[in-house]
Amino acid sequence: MDAHDKIRELLGLAVAGALGAEEEKRIEKHVASCASCAAELESWRALAGGLRRLPTPQPGKLVVERARAQFEMRLAEEIESRGQRRTMIFLLAFAWVVTLASWPLFRIFTGGLLVWFDPRFNQTWLVFAAFTGLLWATGGLAAVLLGRHRQQERRTA
Amino acid sequence: MTWEGQVGLDSEVVRLRRGDPDALAALLARYQNRLYRYLLRMVHEPPDAEDLFQQTWVRVAEKILQFDPRRNFEPWLFALARNLAIDHLRRIRPASLDEPAGDESGDTKAERLVSRERSVLYGILERERTGRLAGALEALPVFYREVLTLRFEEEMKLEEISQVLEIPLSTVKTRLRRALERMRETLEAHHPEEDWSRSVN
């Protein structure tokens with residue numbers, strides 16, 4: 001393939017603005033002295049110009065309005081859901097902090113009382129597990145009740 | 001896009017992430033025609049394009065909170081639209097998504113090209129010519145059609161096209177070249193009487 005053919009192959013890309021400055025200069029230089037490539041480049045330009053000037057179809061007003069309404073509804077849901085996720089993460093972290101922080105208090109206030117009821121309670125890990133389980137079960141129950149209440153609210157809204 | 005345009009767009013996107021309805025109105029006004037045109041070029045049928053147009057904005061609403069405002073919004077928006085259009089085409093016409101070979105030349109929709117009738121009125125001639133161009137574009141395989149519409153109608157940079165199509169820059173260039181060649185072959189084959197080097201005004 002000689003230089004002429006190579007240049008000719010690049011003419012389509014030239015009108016698409018897909019060539020580097022150096023290649024464009026090469027084309028410019030070649031086209032100045034080659035009538036056949038100059039005509040070919042003109043054809044490509046006309047085609048590119050035609051594509052740029054194709055009429056722009058427009059969506060109907062109703063379609064745009066519907067898209068807007070759906071967008072707003074979906075975005076509101078997303079924002080709400082994101083807020084709920086954040087609240088959930090915060091509550092989870094808070095619950096652990098409360099659990100861990102209240103453990104020493106629990107030990108102080110219950111003292112040897114639990115050991116008196118059941119000797120197995122002198123095993124610290126078991127008491128801690130029972131204490132944590134109780135707290136989380138209470139929290140879980142509250143979350144389920146709140147969730148149901150919220151679902152009912154949504155249904156009636 | 002100008003610097004002012006990009007700054008305006010950035011602030012609209014940031015406001016949109018906060019749920020500002022004015023920002024949505026501004027973005028819709030900015031993109032509604034371009035997005036619809038792109039979708040129509042992809043799927044051909046106006047009802048399908050309208051449906052996908054709405055789905056695209058719903059998808060934007062779902063994803064905008066994860067969108068990094070430092071990124072370019074436009075290729076992101078068109079990539080969302082493209083993915084939906086490709087899914088749609090995969091459902092209804094899987095064969096239309098086959099990657100075309102570089103040297104193939106079958107044009108099954110050539111019959112759709114507009115009437116050859118000549119009119120004495122220049123305006124009508126020009127409309128016909130434009131119609132032929134549109135018909136030839138429509139007859140191209142989807143991978144060629146989309147790259148042409150993104151480059152020439154949407155006037156996207158090659159890097160932006162590469163982001164929308166999720167393909168390397170070199171592949172964008174190859175597709176562009178092949179798409180232009182195919183388009184020209186189609187036009188010359190079906191309208192040999194037309195001088196395609198004459199500008200369309």
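Same order as they appear, the protein sequences are chains A and B.
FYI, the working numbering numbers position 139 of the first sequence as 139, with every residue one higher than the one before it.
FYI, the working numbering numbers position 39 of the second sequence as 39, with every residue one higher than the one before it.
Every residue, glycine too, gets a C-beta built ideally from N, C-alpha and C.
Small disclaimer: the values here were computed from a predicted structure and weren't measured.
Please report how far the alpha carbon of residue i lies from the alpha carbon of residue j, in whole angstroms.
i: Q32 (chain B); j: Y38 (chain B); result: 10 Å
i: W125 (chain A); j: R90 (chain B); result: 58 Å
i: T186 (chain B); j: P94 (chain B); result: 23 Å
i: T32 (chain A); j: R45 (chain A); result: Here residue 32 (chain A) turns out to be Ala, not Thr, going by the sequence shown. Approximately 16 Å, taken between the alpha carbons.
i: P203 (chain B); j: Y144 (chain B); result: Past the edges of chain B, shown from 1 to 201, lies residue 203 (chain B), and the structure says nothing about it.
i: A18 (chain A); j: A143 (chain A); result: 59 Å
i: V172 (chain B); j: E12 (chain B); result: 29 Å
i: L24 (chain B); j: E80 (chain A); result: 18 Å
i: A35 (chain A); j: E42 (chain A); result: 10 Å
i: F71 (chain A); j: E65 (chain A); result: 10 Å
i: L47 (chain A); j: R184 (chain B); result: 8 Å
i: F109 (chain A); j: R148 (chain A); result: 35 Å
i: L148 (chain B); j: A179 (chain B); result: 7 Å
i: I86 (chain B); j: A137 (chain A); result: 48 Å
i: Q84 (chain A); j: Q58 (chain A); result: 38 Å
i: L28 (chain B); j: T56 (chain B); result: 11 Å
i: E9 (chain A); j: R52 (chain A); result: 22 Å
i: E24 (chain A); j: R86 (chain A); result: 54 Å
i: A79 (chain B); j: P168 (chain B); result: 14 Å
i: A134 (chain B); j: L54 (chain A); result: 7 Å
i: R151 (chain B); j: M88 (chain A); result: 46 Å
i: D51 (chain B); j: L62 (chain A); result: 12 Å
i: T108 (chain B); j: A139 (chain B); result: Residue placement at T108 (chain B) cannot be trusted, given a pLDDT of 41 that sits under 50; the coordinates are not used to answer.
i: E54 (chain B); j: K6 (chain A); result: First, the amino acid is wrong: residue 54 (chain B) is Gln here, not Glu. Going from the Cα of Q54 (chain B) to the Cα of K6 (chain A) covers about 45 Å.
i: I27 (chain A); j: A69 (chain A); result: 51 Å
So is residue i in contact with chain B if we call contact Cβ pairs under 9 Å?
i: A32 (chain A); result: no
i: S43 (chain A); result: yes
i: G17 (chain A); result: yes
i: E23 (chain A); result: no
i: R68 (chain A); result: yes
i: Q58 (chain A); result: yes
i: R52 (chain A); result: yes
i: A48 (chain A); result: yes
i: L145 (chain A); result: no
i: G133 (chain A); result: no
Hey, does residue i have any beta-carbon neighbour from chain A nearer than 9 Å?
i: Q54 (chain B); result: yes
i: R177 (chain B); result: yes
i: R184 (chain B); result: yes
i: E62 (chain B); result: yes
i: V58 (chain B); result: yes
i: D103 (chain B); result: Because the pLDDT of D103 (chain B) is 41, which lies under 50, any placement of that residue in the model is unreliable, and the number read from its coordinates should be weighed accordingly. No - not a single Cβ of chain A is within 9 Å of the one on D103 (chain B).
i: R129 (chain B); result: yes
i: L84 (chain B); result: no
i: F152 (chain B); result: yes
i: L140 (chain B); result: no
i: E181 (chain B); result: yes
i: L137 (chain B); result: yes
i: A189 (chain B); result: no
i: E111 (chain B); result: The pLDDT assigned to E111 (chain B) is 40, lower than 50, so where the model puts this residue is not dependable; a value taken from the coordinates is nonetheless given after this. No, E111 (chain B) does not count as interfacial toward chain A.
i: L65 (chain B); result: yes
i: L89 (chain B); result: no
i: E50 (chain B); result: yes
Can you give the beta carbon distance from residue i to residue j, rounded, assuming they're within the 8 Å contact cut?
i: P47 (chain B); j: L40 (chain B); result: In fact, because the Cβ distance is near 10 Å, the residues do not count as touching under 8 Å.
i: R59 (chain B); j: E154 (chain B); result: That pair is no contact at about 18 Å.
i: E146 (chain B); j: P75 (chain B); result: Their Cβ separation, rounded to whole angstroms, is 13 Å, which puts E146 (chain B) and P75 (chain B) out of contact at 8 Å.
i: E78 (chain A); j: L16 (chain B); result: At roughly 11 Å, the Cβ-Cβ gap does not stay under 8 Å, so E78 (chain A) and L16 (chain B) are not in contact.
Checklist entry - Looking at chain B, which residues of the region 72-83 of chain A have a Cβ within less than 9 Å of any of its Cβ atoms? => result Per Cβ criterion, the list reads E72, M73, R74, L75, A76, E77, E78, I79, R82.
Next on the checklist: Can you pull out the residues from the region 158-172 of chain B whose beta carbon lies closer than 8 Å to at least one beta carbon of chain A?
Outcome noted: Correct list: L158, V172.
Next on the checklist: Output needed in chain order: residues of the region 15-48 of chain B with a Cβ under 7 Å from some Cβ in chain A.
Outcome noted: Within the region 15-48 of chain B, the qualifying residues are G19, P21, L24, L28, Q32, N33, Y36, R37, L40.
Checklist entry - Listed in chain order, which residues of the region 69-81 of chain B have Cβ atoms closer than 7 Å to some Cβ of chain A? => result Those residues of the region 69-81 of chain B that come within reach of chain A (Cβ to Cβ, closer than 7 Å) do not exist; the list is empty.
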